[in-house]
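Residue numbers (our numbering): -5 to 174. From the three backbone atoms N, C-alpha and C, an ideal C-beta is built for every residue, glycine too. Okay, structure first, notes after.
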């Protein structure tokens, strides 16, 4: 083969490679939906160790409560929680829903625990009366939770932003108090 023929063949192979690499491969939709949350759910690594709900005298009319969440970090490095969105209930029925951005992010030290502080305006989606049985149940399931967190923070500063979606956790201990 002549030098011109070899050069032409080389150009053809390079062109084919560039065209092939520029064409997106078919995506398996099921595989692309796997998230960090799916992995944590599979490994049963939950962040929440307790839910403390405060019911006020206004709750029967507003259907709003506040919660304080006990958190744990099984990882050897610090995590900082910036935002949480969660649906909680039992047997697949959502009874409470929250979407909250922490004014002061919650720092959970490596292999440590922390509390969220009071999270106001948690909505009772089924209403107060339909939720009364939860008072004696002693647990809630986290049916669907999304968190915005940062890994490898130092005192809550800097870090690598990580969105964790679709977290699920069953039988989280829950208690209730009456507040003002």
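Answer with buried or exposed for residue i, where buried requires no fewer than 16 other C-beta atoms within 10 angstroms of its C-beta.
i: residue 33; result: exposed
i: residue 172; result: exposed
i: residue 102; result: buried
i: residue 157; result: exposed
i: residue 168; result: buried
i: residue 81; result: buried
i: residue 40; result: buried
If I follow the unbroken beta strand (DSSP E) through residue i, where does it start and stop?
i: residue 118; result: 113 to 118
i: residue 165; result: 154 to 172
i: residue 138; result: 133 to 145
Assuming residue i contacts residue j (C-beta within less than 8 Å), just tell me the rounded distance between them.
i: residue 161; j: residue 153; result: Contact flag wrong, Cβ pair sits at about 19 Å.
i: residue 143; j: residue 68; result: Actually they do not touch by this definition, with Cβ atoms about 13 Å apart.
i: residue 64; j: residue 100; result: Not really, about 11 Å apart at Cβ, beyond 8 Å.
i: residue 61; j: residue 116; result: 5 Å
i: residue 44; j: residue 72; result: About 21 Å separates the two Cβ atoms, so there is no contact after all.
i: residue 183; j: residue 47; result: Here the chain has residues from -5 to 174 only, and residue 183 is not among them.
In the DSSP assignment, find the unbroken alpha helix (DSSP H) run with residue i in it and report its ends.
i: residue 67; result: Residue 67 -> no alpha helix (DSSP H), and no H or E assigned at all.
i: residue 32; result: 30 to 37
i: residue 55; result: 53 to 56
Checking the sheet assignment: what are the DSSP bridge partners for residue i?
i: residue 94; result: 78
i: residue 107; result: 66
i: residue 125; result: In DSSP, residue 125 forms no bridge with anything.
Which one of the options has the shortest CA to CA distance from residue i?
i: residue 35; options: 109, 136, 110; result: 136
i: residue 131; options: 148, 85, 114; result: 85
i: residue 74; options: 93, 29, 58, 110; result: 110
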